[in-house]
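First comes the structure, then the notes that go with it.
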Amino acid sequence: MTDKKNQVSRRQFLNYTLTGVGGFMGAAMVAPMVGFAIDPLLKGQKDTEFIYVMDVSEITNEPQRKTFKVDQVDGWYESQVDRTAWIFKTEEGNILALSPVCTHLGCTVDWASNEQYPNQFFCPCHNGRYTKTGVNIEGTPPTEPLHAYEYKVEDGKLLLGKAKKR
Amino acid sequence: MLHKLYDWIDERLDVTPIWRDIADHEVPEHVNPAHHFSAFVYCFGGLTFFVTVIQVLSGMFLTMYYVPDIVNAWESVKYLQTQVAHGQIVRGMHHWGASVVIVMIFLHTLRVFFQGAYKKPRELNWVVGVLLFFVMLGLGFTGYLLPWDNKAFFATQVGLEIAESVPYIGGDLKTLLAGDPEIVGAKTLARFFAIHVFFLPAALFALMGAHFIMIRRQGISGPL
Ligand code: HEM
Ligand code: FES
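Residue numbers (full-length UniProt numbering), protein chains in the order written: chain A, 1 to 166; chain B, 1 to 224.
Next up, the structure:
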């Protein structure tokens with residue numbers, strides 16, 4: 001039989017098996033709860049729905065504030081929520097639909113609401129400012145441009161999807 | 001009568017040494033405001049504990065009426081505040097206590113800092129204290145959403161944006177907190193409620209236990 005020195009003592013054997021079984025039981029207990037808690041990370045993103053907002057012919061060079069309704073499924077709670085976009089044509093003639101959510105800390109920005117800066121988006125929370133195309137102005141709190149809605153044009157109608165980082 | 005009852009229990013269980021060990025020792029002169037009035041600075045830790053007890057008790061009673069559901073939360077708070085006997089007082093205790101506890105923990109921290117009481121051998125208790133401070137801030141943050149009014153909603157919106165600004169993990173962190181990558185809604189309120197009344201209080205109790213055991217073990221730091 002095996003060399004006596006390498007034999008596992010009864011005490012060691014019990015220690016290892018009990019630790020192993022205990023560890024297994026602990027893990028089996030905790031694992032489902034961890035999954036349960038991080039479910040929102042596992043769910044991932046849903047497909048974007050594009051919603052009619054306005055006719056392309058109505059879009060001007062001056063940003064217009066438009067609200068539209070989106071169906072929202074929030075777990076067990078389904079509802080319609082309002083979304084807002086500042087919509088205009090850029091100098092190059094492209095359509096731009098900007099999200100009004102300040103990229104600093106999420107307040108709501110307004111077009112030309114500060115008399116001193118008639119040609120900028122202005123956030124009242126910490127005086128954040130953006131150029132007309134939504135680019136954050138150096139020296140004000142926001143650190144990145146306003147997000148822009150994905151859009152589609154179908155039969156002269158403007159449809160908006162999700163606001164994305166640019 | 002009570003005395004007899006105590007003796008009856010003590011005879012069988014020998015409880016006297018247990019509470020003596022916890023409660024029966026002298027307050028050193030240098031921390032006693034009756035000797036030196038300036039020693040009142042030593043009260044802030046105890047006051048933090050006192051307000052925390054108020055928070056825990058008033059919070060437990062609030063949950064008898066409060067429901068963490070976006071349709072009913074606000075109405076349940078309105079009801080408990082206006083219709084329930086002493087509702088205004090109980091909610092008021094929790095509402096104002098939430099701010100007072102932060103002030104107290106801050107003053108306590110200032111005392112420990114300016115007296116250098118965090119130095120060896122008490123470094124670990126400073127670390128535990130800082131963790132306690134973060135747990136308190138977490139309780140304040142999650143509790144603030146619960147009434148589900150406009151102020152609560154937008155404050156949380158901003159708080160979640162702050163979490164999102166953490167490098168690399170910010171996006172996931174926000175999703176984990178809010179329960180959804182985009183929506184601040186039904187799942188967010190349920191989560192914040194769970195965190196507010198179960199998870200963080202559990203952490204709070206464990207940390208307070210560690211804090212007090214260490215103080216008992218090391219004693220209060222000596223006079224300056
Ligand atoms: C240090 C500990 C705690 C802090 C700092 C704290 C903080 C807060 C805050 C800021 C609110 C919002 C109150 C308002 O706007 O009126 C709140 C609400 C609430 N808290 Fe706490 N809390 C603490 C402990 C607890 C505990 C231990 C429980 C329950 C076991 C609890 C249960 C509740 C409930 C049910 C509400 C919603 C009712 C309401 O808004 O009036 N809290 N808490
Ligand atoms: S949130 Fe807009 S400037 Fe701070």
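All C-beta atoms in this analysis are idealised placements derived from N, C-alpha and C, irrespective of residue type, glycine included.
Within 10 Å of its beta-carbon, does residue i have 16 or more other beta-carbons around it, so buried, or fewer, so exposed?
i: A34 (chain B); result: exposed
i: S99 (chain A); result: buried
i: P223 (chain B); result: exposed
i: residue 267 (chain B); result: Outside the displayed span of chain B (1 to 224) sits residue 267 (chain B), for which this structure offers no information.
i: T143 (chain A); result: exposed
i: K187 (chain B); result: buried
i: S76 (chain B); result: buried
i: N72 (chain B); result: exposed
i: D82 (chain A); result: exposed
i: D180 (chain B); result: buried
i: Q120 (chain A); result: buried
i: P68 (chain B); result: buried
i: S221 (chain B); result: buried
i: H94 (chain B); result: buried
i: F37 (chain B); result: exposed
i: I89 (chain B); result: exposed
i: T48 (chain B); result: buried
i: I9 (chain B); result: exposed
i: L132 (chain B); result: buried
i: H86 (chain B); result: exposed
i: K132 (chain A); result: buried
i: V53 (chain B); result: exposed
Between which two residues does the beta strand (DSSP E) harbouring residue i extend?
i: V81 (chain A); result: Y77 to K89
i: I38 (chain A); result: No beta strand (DSSP E) contains I38 (chain A), which is instead part of the alpha helix (DSSP H) from R10 to K43.
i: L160 (chain A); result: K157 to K164
i: A148 (chain A); result: A148 to E154
i: A97 (chain A); result: I95 to L98
i: I51 (chain A); result: I51 to D55
i: F68 (chain A); result: Q64 to D74
i: C102 (chain A); result: Counting along the chain, C102 (chain A) falls outside any beta strand (DSSP E), and DSSP gives it neither H nor E.
i: C123 (chain A); result: F121 to C123
Starting from residue i, trace the alpha helix (DSSP H) in both directions and tell me its first and last residue.
i: T48 (chain B); result: C43 to L62
i: I105 (chain B); result: G87 to F114
i: V77 (chain B); result: A73 to T82
i: K4 (chain B); result: L2 to L13
i: T133 (chain A); result: Counting along the chain, T133 (chain A) falls outside any alpha helix (DSSP H), and DSSP gives it neither H nor E.
i: T16 (chain B); result: T16 to A23
Comparing alpha-carbon positions, which option in the options lies nearest residue i?
i: L189 (chain B); options: A:Q120, A:G75 and A:L98; result: A:G75
i: H104 (chain A); options: A:N119, A:V70, A:N136 and A:T48; result: A:N136
i: G45 (chain B); options: B:T109, B:I89 and B:I213; result: B:T109
i: L146 (chain B); options: B:F205, B:K78, B:G209 and B:L124; result: B:K78
i: residue 193 (chain A); options: A:P145, A:E62 and A:F24; result: This structure leaves residue 193 (chain A) out entirely; chain A is present only between 1 and 166.
i: G134 (chain A); options: A:Y149, A:H126 and A:C125; result: A:Y149
i: L41 (chain A); options: B:V90, B:T175 and B:A202; result: B:T175
i: F198 (chain B); options: B:T142, B:V166 and B:D172; result: B:T142
i: E91 (chain A); options: A:E62, A:S113 and A:Y117; result: A:E62
i: H211 (chain B); options: B:G171, B:D7, B:W126 and B:R191; result: B:W126
i: F113 (chain B); options: B:I195, B:L5, B:V41 and B:E164; result: B:V41
i: M214 (chain B); options: B:F134, B:V128 and B:V135; result: B:V128
i: G128 (chain A); options: A:C102, A:Q64 and A:F24; result: A:C102
i: Q157 (chain B); options: B:M208, B:I183 and B:W8; result: B:I183
i: A39 (chain B); options: B:Q115, B:F193 and B:G159; result: B:Q115
i: L204 (chain B); options: B:V84, B:F61, B:K4 and B:L139; result: B:L139
i: N94 (chain A); options: A:V56, A:R10 and A:K164; result: A:V56
i: F61 (chain B); options: B:W74, B:L80 and B:L5; result: B:L80
i: G161 (chain A); options: A:V21, A:S79 and A:L96; result: A:L96
Just checking residue i against ligand 2 - is the residue's beta carbon closer than 8 Å to any of the ligand's heavy atoms?
i: A127 (chain A); result: Here the sequence assigns Asn to residue 127 (chain A), which means Ala is not the residue at that position. Result yes, Cβ under 8 Å from ligand 2.
i: P100 (chain A); result: no
i: P145 (chain A); result: no
i: T175 (chain B); result: no
i: G106 (chain A); result: yes
i: P141 (chain A); result: yes
i: V109 (chain A); result: yes
i: C43 (chain B); result: no
i: V184 (chain B); result: no
i: V158 (chain B); result: yes
Check: Unbroken beta strand (DSSP E) runs of length 3 or more, entirely within the segment 132-190 of chain B: which are they?
Finding: none
Next item on the list: Would you list, in sequence order, the uninterrupted alpha helix (DSSP H) runs of no fewer than 4 residues that lie entirely inside the segment 189-224 of chain B?
Entry: 200-218
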